[in-house]
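Heads up, the sequence shown is in the numbering used here, so the first residue is 7 and it goes up one at a time.
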Amino acid sequence: MFGVWGHPEAARLTYYGLHSLQHRGQEGAGIVVTDGETLKISKGPGLLTEVFGTGELDSLTGKAAIGHVRYSTAGEEGYENVQPLLFNSQTGSLALAHNGSLTNADALKSQLEYQGSIFQTTSDTEILAHLIRRVGFGNIEDQVKSALSILKGAYAYLIMTEKKLLAALDPNGFRPLSIGRLDGAYVLASETCAFDVIGATYEREVMPGELIIIDDTGLRSERFTMNANRAICSMEYIYFARPDSDFDNINVHTARKRLGKQMVAEAPVEADVVTGVPDSSISAAIGYAEASGIPYELGLIKNRYVGRTFIQPTQEMRERGVKMKLSPVRGVVEGKRVVMVDDSIVRGTTSRRIVQLLRDAGAIEVHVRITAPPIEFPCFYGVDTTSKEELIAASMSIEEIRQEIGADSLEFLSKEGLLKAIGRQDQDENCGQCLACFTGKYPTEVFPDEATNSNMAAQKKPKAPTS
Ligand code: SF4
Numbered sequence: 007m008f009g010v011w012g013h014p015e016a017a018r019l020t021y022y023g024l025h026s027l028q029h030r031g032q033e034g035a036g037i038v039v040t041d042g043e044t045l046k047i048s049k050g051p052g053l054l055t056e057v058f059g060t061g062e063l064d065s066l067t068g069k070a071a072i073g074h075v076r077y078s079t080a081g082e083e084g085y086e087n088v089q090p091l092l093f094n095s096q097t098g099s100l101a102l103a104h105n106g107s108l109t110n111a112d113a114l115k116s117q118l119e120y121q122g123s124i125f126q127t128t129s130d131t132e133i134l135a136h137l138i139r140r141v142g143f144g145n146i147e148d149q150v151k152s153a154l155s156i157l158k159g160a161y162a163y164l165i166m167t168e169k170k171l172l173a174a175l176d177p178n179g180f181r182p183l184s185i186g187r188l189d190g191a192y193v194l195a196s197e198t199c200a201f202d203v204i205g206a207t208y209e210r211e212v213m214p215g216e217l218i219i220i221d222d223t224g225l226r227s228e229r230f231t232m233n234a235n236r237a238i239c240s241m242e243y244i245y246f247a248r249p250d251s252d253f254d255n256i257n258v259h260t261a262r263k264r265l266g267k268q269m270v271a272e273a274p275v276e277a278d279v280v281t282g283v284p285d286s287s288i289s290a291a292i293g294y295a296e297a298s299g300i301p302y303e304l305g306l307i308k309n310r311y312v313g314r315t316f317i318q319p320t321q322e323m324r325e326r327g328v329k330m331k332l333s334p335v336r337g338v339v340e341g342k343r344v345v346m347v348d349d350s351i352v353r354g355t356t357s358r359r360i361v362q363l364l365r366d367a368g369a370i371e372v373h374v375r376i377t378a379p380p381i382e383f384p385c386f387y388g389v390d391t392t393s394k395e396e397l398i399a400a401s402m403s404i405e406e407i408r409q410e411i412g413a414d415s416l417e418f419l420s421k422e423g424l425l426k427a428i429g430r431q432d433q434d435e436n437c438g439q440c441l442a443c444f445t446g447k448y449p450t451e452v453f454p455d456e457a458t459n460s461n462m463a464a465q466k467k468p469k470a471p472t473s
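1) I'd like to confirm something about S333: is its beta-carbon nearer than 7 Å to some heavy atom of the ligand SF4, or not?
2) Is V280 a contact residue of the ligand SF4, with contact defined as CB to any heavy atom under 7 Å?
3) Please report the distance separating the alpha-carbon of A103 from that of I300.
4) Could you tell me which of T67, L53 and P14 sits nearest to Y85, measuring between CA atoms?
5) How big is the Cα-Cα spacing for N235 and G368?
6) DSSP three-state call for T458: helix, strand or coil?
7) Looking at the strands, I want to know which residues DSSP matches up with G9.
8) For a test of the three-state rule: what should DSSP assign to N283, helix, strand or coil?
9) Would you please state the rounded distance, in angstroms, between the beta carbons of T223 and Y208? I believe it to be under 8 Å.
10) Between S95 and A427, what straight-line distance do the alpha-carbon atoms span, to the nearest angstrom?
11) Could you check whether G305 and V344 sit closer than 8 Å to each other, using their CB atoms as the reference points?
12) Just list the residues that DSSP pairs S415 with in beta bridges.
13) Please indicate yes or no: does the CB of M402 lie closer than 7 Å to some heavy atom of the ligand SF4?
14) Within the present structure, is the beta-carbon of C437 separated from the nearest heavy atom of the ligand SF4 by less than 7 Å?
15) By DSSP, does N94 sit in helix, in strand, or in coil?
16) Assuming the contact rule is C-beta atoms closer than 8 Å, I398 and R359 should be a hit. Round their C-beta distance to whole Å, please.
17) What number of angstroms, rounded off, separates the C-alpha of Q465 from the C-alpha of D221?
18) Taking 8 Å as the cut-off, decide whether the C-beta atoms of G293 and A237 are in contact.
19) Report the partner residues of C440 according to the DSSP bridge assignment.
20) Cutting at 7 Å between CB atoms, please list the residues of its own chain near Y302, excluding the five before and the five after it.
21) Mind checking whether the beta-carbon of Y161 lies closer than 7 Å to any heavy atom of the ligand SF4?
22) Find the nearest neighbour of T55 within the set T44, E33 and E276, judged by alpha-carbon distance.
23) When every heavy atom of the ligand ATP is checked, does at least one fall within less than 7 Å of the C-beta of F180?
24) What does the Cβ neighbour count give for Q439, buried or exposed, with the cut at 16 atoms within 10 Å?
25) Any idea what DSSP makes of A111, helix, strand or coil?
26) Could you spell out the range, first to last residue, of the beta strand (DSSP E) harbouring L306?
27) Taking contact to mean 3 or more Cβ pairs, one atom from each stretch, closer than 8 Å, check whether the segment 144–163 and the segment 16–34 are in contact.
28) Around the Cβ of D366, are there at least 16 other Cβ atoms within 10 angstroms (buried) or fewer (exposed)?
29) Mind checking which residues open and close the beta strand (DSSP E) that includes Y161?
30) If A173 and I218 are in contact, beta carbons under 8 Å, what's the gap, nearest whole angstrom?
31) Is it true that the CB of R181 sits closer than 8 Å to the CB of A206?
32) Rounded to a whole number of angstroms, what is the C-alpha to C-alpha distance between M213 and P249?
33) CB of A442 to nearest heavy atom of the ligand SF4: below 7 Å?
34) Excluding the 5 residues flanking A500 on each side, which residues of the same chain have their C-beta closer than 6 Å to its C-beta?
35) Between the beta-carbon of I244 and the beta-carbon of D349, is there less than 8 Å?
36) Excluding the 5 residues preceding and the 5 following D252 in the sequence, name in chain order all residues of the same chain whose CB lies nearer than 6 Å to its CB.
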């Protein structure tokens, strides 16, 4: 998500900001702009550059805008679910962009429909708009605060009316959201890399449980709950975010390098070259090489013009995506013992394919090092691992996974090593991070169907060997 208030080039800045956030979602993109009187929207399926030509941007005139690139986790694909969502009513318009996933969406939607609401989309984002409109008192910030108090799960929201821009972060702060300044304007972005690309300066992060209100009089901060406990998604550091972004004053590239170094401390191996799976594991591979003394090499090259496989929604698309986007460098891996550093194994499909690519290019050994613990439990907070059936580590031991992906050895980072490398002092639930997909300890209440899923995952999982 990206937002700007108080700049004559609001839509264009939002476009550039979203461009640097494209790695967070490639299924749709949209921008809503306000000129102080009306909200205008342009959105569509696909990459940002596919949705916006120069004509579209020129027509989005105004001093404030919010934008979104979509990665569908809740709700189906389709134009109506592409964000921002725009709602018009007699009392004014409201645009909404959401990063995350609500855990009480089904219950709220049923309740709202029972009470007469008609939903235009299948996305859980729309729920907030209905809740806001049902609050019969106060100004927009009072209405938003009241509505937010009903929501559970992960949410970072940008909400825009003709006259105001609001930003809200759930009480656990699962998803990142930062505030910056540019030429007197306020900017908001899911990652700080978006500030760099437009020349904005970073001010601070939106805090868990905080509501930011920006209008022509400036920026105000309010709380919609005092019951907040930061649990930022660990996968933001491990996988999602761009290396040039910072969260909690921790740089993502630096954290990933430390993950690689910690991996050497936990699982060294004799090898000739270290390579990382582009792009998200390059930093960790450099860290592994530095700590082990084994040279880092570009053993895998990514075709930049193919989307990320993890993010593509169907198995067939993911399989095809892996074939199209990665090429082994034969001159680097042929006849070599290769350490392949990667950030996660979700289904195992991608890892198996990459190990095979390296072997086909002549690697004589492939040692896989995953700079995260095994993902054994589903995520309900906005990462597309909502079913335990998809998680190879929910039903297989590490040795079974090694055989499945065809590696000579396979090791995962420990939970303690993960926290230490990221730079956390505490090792418990107050460490500031969500670790639920590794531990099954969810920072929020999870609801009956979800709890059943995760409990089932815990019961069925064979005990994984630790070495
Ligand atoms: S369960 Fe895992 S993927 Fe989901 S928010 Fe927590 S750490 Fe991130």
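Don't be surprised by glycine CBs; every beta carbon is placed ideally from N, CA and C. Owing to the predicted nature of the structure, the values given are computational and were not obtained by experimental measurement.
Inspection of the coordinates gives the following:
1) no
2) no
3) 45 Å
4) L53
5) 49 Å
6) Below a pLDDT of 50, predicted positions are generally treated as unreliable, and T458, at 40, falls in that range; no measurement from the model is reported.
7) I72 and L194
8) Note that residue 283 is Val in the sequence shown here, rather than Asn. In this structure, V283 counts as coil in the three-state DSSP scheme.
9) The pair is not a contact, with the Cβ atoms about 23 Å apart (cut-off 8 Å).
10) 50 Å
11) yes
12) H373
13) no
14) no
15) strand
16) Actually they do not touch by this definition, with Cβ atoms about 13 Å apart.
17) Unreliable placement is indicated for Q465, whose pLDDT of 33 sits below 50; no coordinate value is reported for it.
18) no
19) C239
20) V280, A291, I292 and A295
21) no
22) E33
23) In the structure shown, the ligand ATP is absent; the only ligands present are the ligand SF4.
24) buried
25) helix
26) L306 to K308
27) no
28) exposed
29) G159 to M166
30) 4 Å
31) no
32) 22 Å
33) yes
34) The requested residue 500 does not occur in the structure, where the chain is confined to residues 7 to 473.
35) yes
36) T198
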